[in-house]
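In this note's numbering, the protein residues as written are 465 to 825.
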């Protein structure tokens, strides 16, 4: 496997650590703090409209003083066949009429006219021109593999590509496309599962996944461990199991720069291990996070989540209002299995420094 030194050189960083891209949590300020601390900051723009993504990249470039950072894409395809109007209305009506939102002043407004049109969703292909315009040199992706045409176009512009896998089969598929850096997302990881082999959502823990990849991938491939990592012990364990670097997400959810609402941050400290569940209720893709009222209600209903990104769009108004009112019962709180160890209300730079000091680097 690629060494820590090789990965540091590829990423152009001091330490072989990546700050995970977390939509709804990661801010340009977090990316900048990570970058200035010697690790790779990552800005998520998966599914984000091009004009909004442009503003996010511009702000991040300013805050990082044009130091390298990664931009993360969702390399998924739109569902085919697309959900029918009837299927969309069924879930939409459940959210609007059957969900018991308590004191949350949610008012249901039909979005069918927007949600049943495939061209109303932003795809990664639409974001490539923006990345090239901003001369982004590191692009990570999840939910799949970009098309050959997109990969070739990015490579012609000297862009380093970072893929995401949840199994050996996915890692080999990435390697076949020439991807040199692969994030190995174990079952402990918070947020959306990066799985992309159709209808398969592996739940492989780090102890099994990392050695398997290390034994079967090419020597020049750098493996970045993701999932359950929160201190020097877990970081070093990943290196012993064959990783060249680590990607940290939940560790930064409670930080000053995090966009997470206060009640989300507070939930991290009180979450029991059994409170961390995997659900497709919010987005139509399985993701790991803290259990709450919406997840429980959806699980007890007869509803079946529509495929991403339709389900994600259906729940957006409810989640937005929930966040505005600091109500953590009806918005996603993605978090990994070790989220109780996340520092609350500390600067990202301090969190990173504490980890580096304990690692003795």
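From the three backbone atoms N, C-alpha and C, an ideal C-beta is built for every residue, glycine too. Note that this is a predicted model, so its numbers are computed, not measured.
When DSSP states are grouped into helix, strand and coil, residue 775 belongs to the helix group. Per the DSSP secondary-structure output, residue 741 pairs in a beta bridge with 753. Straight across, the Cα-Cα distance linking residue 739 with residue 714 is about 15 Å. A check of alpha carbon separations from residue 564 across 762, 532, 816 identifies 762 as the nearest. Proximity to residue 726 across 795, 813, 671 peaks at 795, based on C-alpha coordinates. Here residue 680 has 632 as same chain residues with Cβ atoms under 7 Å from its own Cβ, once five neighbours each way along the sequence are excluded. Residue 767 and residue 619 have their C-alpha atoms some 43 Å from each other. The three-state reading of DSSP puts residue 689 in strand, counting E and B together. DSSP places residue 666 outside both helix and strand once states are collapsed to three, so it counts as coil. Residue pairing from DSSP places residue 710 in a beta bridge opposite 481, 689. Counting only runs of 3+ residues, the beta strand (DSSP E) found wholly inside the stretch 543 to 627 occupies 602 to 606, in chain order. Contact check for residue 543 against residue 771 passes: the beta carbons are separated by less than 9 Å. Counting along the chain, residue 534 sits inside the beta strand (DSSP E) bounded by residues 534 to 538. The three-state reading of DSSP puts residue 734 in helix, counting H, G and I together. Burial is judged here by how many other beta carbons sit within 10 angstroms of a residue's own beta carbon; residue 764 has fewer than 16 and is exposed.
Under the Cβ criterion (8 Å, minimum of three pairs), the stretch 690 to 698 counts as touching the stretch 639 to 655. If you draw a 10 Å sphere on the C-beta of residue 657, you find 16 or more other C-beta atoms in it, and that means buried.
Pairwise C-beta distances place the stretch 807 to 825 out of contact with the stretch 776 to 788, as fewer than three of them are shorter than 8 Å. By the Cβ-count criterion, residue 524 is buried, with 16 or more other Cβ atoms from all chains shown falling within 10 Å of its own Cβ.
Cβ-Cβ separation between residue 705 and residue 675: approximately 5 Å, consistent with a contact (criterion under 8 Å). Membership of residue 492 in the alpha helix (DSSP H) is indicated by the continuous run 492 to 500.
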